[in-house]
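This note's numbering numbers the first residue of the sequence shown as 25 and each following residue consecutively. Here a beta-carbon is modelled for each residue, glycine too, at the ideal position from N, C-alpha and C. Below: the structure, in structure tokens.
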Amino acid sequence: MNNRPLSWRSPKTGVKASPIHGRGLFAVENIAAGEVVAVKGGYIYDGAQWAAARERLDASEIQIGEDLFMAPADVAEWEGAMLFTNHSCEPNIAIEGQIVFVAMRDIAAGEELVHDWATTDDSDYEIECRCGTPSCRGVITGQDWRRPELQARYAGWFCWHVQRRIDAA
Ligand SMILES: C[S@@+](CC[C@H](N)C(=O)[O-])C[C@H]1O[C@@H](n2cnc3c(N)ncnc32)[C@H](O)[C@@H]1O
Ligand SMILES: [Zn+2]
């Protein structure tokens with residue numbers, strides 16, 4: 025291990041307290057539609073390996089394929105692996121491929137960078153959403169990608185493994 029962070033955040037972004045939850049990722053300069061804002065890094069785990077590692081590590085993973093995850097190897101790497109992107113039902117970033125977060129539209133300095141977890145997650149959680157947007161769906165789940173209205177809304181914005189599930193369904 026060295027002391028380089030596992031993930032990369034654009035110098036146009038910064039992490040600070042979020043009105044949605046804990047810390048969030050924010051634009052500190054204007055960001056243009058299509059710009060890369062962050063890249064998630066880490067080590068590759070299968071589901072069983074990640075479930076075992078999760079006993080000593082807080083949530084910090086990204087799913088990159090069916091039963092494949094990327095996450096830090098130990099607690100010392102956790103902070104540098106985190107991107108701190110909160111969920112919003114009115115997102116302004118999304119993943120292209122598996123690990124690259126891009127701006128879905130022009131983003132003004134000061135805006136929080138948020139993605140809709142429906143575009144990235146295929147999981148079994150259910151949480152009360154605190155995004156506070158007019159189109160908030162109240163409760164978000166790891167199966168929201170199945171919702172037809174979200175598939176229509178986010179056509180072209182799903183990450184690779186979720187798009188594969190949609191195509192296969
Ligand atoms: C990857 S963390 C995001 C960074 C987090 N804010 C932090 O400070 O570590 C994911 C956690 O953030 C919280 N979270 C993010 N977006 C949320 C939302 N819209 N509503 C409720 N909780 C949210 C949930 O507790 C979730 O488990
Ligand atoms: Zn919401």
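- The closest CA to that of PRO172, considering only GLY66, CYS183, GLY71 and ALA193, is found on ALA193.
- Within its own chain, the residues whose Cβ lies closer than 6 Å to the Cβ of GLY121, once the five positions on either side in sequence are excluded, are TRP184, listed in chain order.
- DSSP places ALA72 in the uninterrupted alpha helix (DSSP H) bounded by 71-77.
- For ALA127, the secondary structure class from DSSP, reduced to helix, strand or coil, is strand.
- Using a cutoff of 8 Å, the CB of SER84 does not count as near ligand 2, since none of the ligand's heavy atoms is closer than that.
- In this chain, the beta strand (DSSP E) harbouring LEU49 covers 47-51.
- Annotation for HIS185 indicates a beta carbon at 8 Å or more from all heavy atoms of ligand 2.
- For ILE123, the CB contacts under 6 Å within the same chain, skipping 5 residues up- and downstream, are VAL63 and LYS64 in chain order.
- Here DSSP, grouped into helix, strand and coil, assigns LEU174 to helix.
- A residue is called buried when at least 16 other Cβ atoms come within 10 angstroms of its Cβ; SER84 meets this threshold and is buried.
- ASP130 sits exposed, since fewer than 16 C-beta atoms from the chains shown fall within 10 Å of its C-beta.
- If you draw a straight line from the Cα of GLY48 to the Cα of LYS40, it is about 6 Å long.
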